[in-house]
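*Asks:* Each residue of the sequence shown is one higher than the one before, starting from -9 at the first, in this note's numbering.
Dropping the structure in here first, questions after.
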Amino acid sequence: MSEQQREAAGASGARAEGARGASGARVGLAIVGADVITLDPARPHASAVAVGADGTIVAVGDDAEIRALADARTELVDGSGLTVTPGLVDSHIHPVWGALLARGPELREVHDVAALRAVLQAERARLGPDALVRGWALDYAVLDGVAWPGELLEELAGGPALVSYFDIHTHVATPSALAAAGIGAPPRLEGASEIVFRDGRPTGELVELPAYWLVNDALDPIAPAALRANVRDNMRRFNALGLTGGHAMDGDLDGYALLDALEADDELTLRLVVPLLLLPETSEQQVAEYLRHRDDRGRLWRGGVAKFFADGVVESGTAWLEQPDARGGGSHCYWPDEQRLHELIVRFAGAGFQCATHAIGDRAVRFVLDAYAAAATGPANGGVHRIEHLEIATDDLLARCAAERVAVSMQPLHGQWRAGDRSDEWTRRLGPERAGRGWRAADAAAAG
């Protein structure tokens, strides 16, 4: 059993040692009579778990063993009919970006313009006439076909507003919000990012995060204390869903300092792997600094991973495809200088970093596999390089992932935004043949 599994499962198999667990911690909670899945091949099942007063698992065993560790102050839980498992680890989360972006009401259950109006008007009444109304996780279908979504949003919200779609790769800002941010002409942005203008005026669409940051930071930057509180609260929400670990794919050195601060106050409640994110705007000075921080870690978090974007998303036309989508999008790498991206992947891999690269389109996946092959260097942590999302892949790409030992980190949960009649933007852009190759999780597993 690996040390990571042992930590997650707490499968020490400890027997009573006085009134305490093997670690010496007092037992604050004991669950007995349950089906405990340990992930320990020597003892795959048990019936009871002892949890220390500090929240750590101190023993796993049968009912008698765990009852012997309890004292008068121990909370005893009858686990009859319950299954207790190790905590879940999510391979792709954004606890910091979530804290920055998921502000205002969640719009996941908003399915039409009338419902969006109701939510935004309620938020306007709460905040006042001049405040920036925010919202997040909107389905692209709600504003589908709207030529000037920013102007419609202005009318719905009754003033300045900033709303994100569910994938955070595209946002909509109202004309008054853009004017307040000082944006009267298309700014020059790195990579695939764009504040969309048509006929000399903004449509309201903010494509990719650099465009969003430009507006957000001008109008509504988050205070450090609020950011820390949001990150802490997000992690507790993850815990409530059964997550005890995750791969936080939005790291930087400020984020490392934030995790250290949370850990110092015992407020870091997830075990995290935190890649350092490199973008087209990342300077050579930042690259050199990141290379020096490969081995940064805390008690519950570690670095050692470099994160890249090879493309964007299908819905905004920024996924990098072998053949353009139905609207002519999808023909470019996220980086304007794709050779620089290739060189940085090879450079960080050569320095012992594990590389994790966002690649949704089939051309992006091929590019990343070629870069990993050119690196010919495995991570110093003993792992393998990764491709994130891989929404569109051909048989040969899946075969290469298996043969070249590249891990596939997929999020088929995104399929919840697909329409059964294939009317959603993702499917329309790709067409039925390519859409039929979406999220090939089972095929990836079968390929090895």
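C-beta: ideal position from N, C-alpha, C; glycine also.
1. Near glutamine 401, what residues of its chain come up, given a Cβ to Cβ distance below 7 Å and the 5 sequence neighbours on each side ignored?
2. Could you check if arginine 227 is buried or exposed, using at least 16 other CB atoms within 10 Å of its CB as the buried criterion?
3. Which parts of the region 128 to 160 are runs of the alpha helix (DSSP H), unbroken and 4 residues or longer, counting only runs that do not cross its ends?
4. Note down, in chain order, each residue of its chain lying with its Cβ closer than 7 Å to the Cβ of phenylalanine 343, except the 5 sequence neighbours on either side.
5. Can you tell which of Glu394, Asp25, Asp44 and His348 has its C-alpha closest to the C-alpha of alanine 38?
6. Suppose you measure from the CA of alanine 339 to the CA of arginine 395; what does that come to, to the nearest Å?
7. Beta-carbon separation of glycine 376 and alanine 397 under 8 Å?
8. When the Cα atoms are used, what is the spatial distance from glutamate 141 to alanine 92?
9. If alanine 238 and leucine 262 are in contact, beta carbons under 8 Å, what's the gap, nearest whole angstrom?
10. Please check the pair leucine 420 and valine 303, which I expect to be a contact at CB under 8 Å, by giving their CB distance rounded to whole angstroms.
11. When you compare the region 214 to 228 with the region 249 to 256, are there three or more beta-carbon pairs, one atom per stretch, that lie closer than 8 Å?
12. Determine, using beta carbons only, whether glutamate 184 and leucine 269 come nearer to each other than 8 Å.
13. How big is the Cα-Cα spacing for leucine 403 and glutamate 328?
14. Assign asparagine 229 to buried or exposed, taking buried as 16 or more other Cβ atoms, counted over all protein chains shown, within 10 Å of its Cβ.
15. How do the region 48 to 62 and the region 99 to 110 stand: do at least 3 beta-carbon pairs fall below 8 Å, yes or no?
16. Say whether the region 126 to 138 touches the region 407 to 419, bearing in mind that this needs 3 or more beta-carbon pairs closer than 8 Å, one atom from each stretch.
17. Determine the direct distance from the alpha carbon of asparagine 206 to that of tyrosine 324, and round the result to whole angstroms.
18. Can you give the Cα-Cα distance for tyrosine 246 and proline 265, rounded to whole angstroms?
19. Assuming the contact rule is C-beta atoms closer than 8 Å, isoleucine 212 and leucine 90 should be a hit. Round their C-beta distance to whole Å, please.
20. Under three-state DSSP, which class holds phenylalanine 343?
21. Under the three-state reduction of DSSP, which class applies to glycine 77: helix, strand or coil?
22. With 16 other CB atoms within 10 Å as the buried threshold, where does alanine 363 fall?
23. Using the C-alpha atoms, what's the distance from aspartate 52 back to aspartate 157?
24. Under a CB-based cut-off of 8 Å, is glutamate 145 close to chain B?
25. Below 8 Å between beta carbons: does that hold for proline 119 and glutamate 195?
26. Taking 8 Å as the limit between beta carbons, can you name the residues of its chain near leucine 359, skipping five residues before and five after?
27. Measure the alpha-carbon distance for asparagine 371 versus tryptophan 203 and round it to whole angstroms.
*Replies:* Taking the structure as given:
1. Excluding sequence positions up to five before and after glutamine 401, its CB lies within less than 7 Å of the CB of His82 and His379, all in the same chain and listed in chain order.
2. Under the 10 Å beta carbon count, arginine 227 is surrounded by fewer than 16 other beta carbons and is classified as exposed.
3. For the region 128 to 160, whole alpha helix (DSSP H) runs of length 4 or above, ordered along the chain, are 139 to 147.
4. Within the same chain, phenylalanine 343 has close Cβ partners Arg284, Gly294, Val295, Ala296 and Pro369.
5. Minimum Cα distance to alanine 38 is reached at Asp25.
6. Computed Cα separation, rounded: 14 Å.
7. Here the sequence assigns arginine to residue 376, which means glycine is not the residue at that position. Contact: yes.
8. CA-to-CA, the gap between glutamate 141 and alanine 92 works out to about 22 Å.
9. That belief holds up - the Cβ atoms of alanine 238 and leucine 262 are roughly 5 Å apart, short of 8 Å.
10. Between leucine 420 and valine 303 a beta carbon distance of about 12 Å is seen, past the 8 Å cut, so the two are scored as non-contacting.
11. Yes, the region 214 to 228 is in contact with the region 249 to 256.
12. The answer is no: Cβ separation not under 8 Å.
13. Spanning the two alpha carbons is a distance of roughly 29 Å.
14. Burial call: exposed.
15. Here the region 48 to 62 does not lie against the region 99 to 110, with fewer than 3 beta-carbon pairs under 8 Å apart.
16. Yes, they touch.
17. Spanning the two alpha carbons is a distance of roughly 21 Å.
18. Looking at the two C-alpha atoms, the distance is approximately 10 Å.
19. Sure, about 6 Å apart at Cβ, within 8 Å.
20. Note: phenylalanine 343 maps to coil in three-state DSSP.
21. For glycine 77, the three-state secondary structure derived from DSSP is coil.
22. By the 10 Å Cβ count, alanine 363 comes out exposed.
23. Approximately 45 Å, taken between the alpha carbons.
24. Among the protein chains of the structure shown there is no chain B, as only one such chain exists.
25. No. Outside cutoff.
26. Around leucine 359: Ile377, Leu387, Arg390, Cys391, Glu394 and Val396.
27. Just so you know, the alpha carbons of asparagine 371 and tryptophan 203 end up roughly 33 Å apart.
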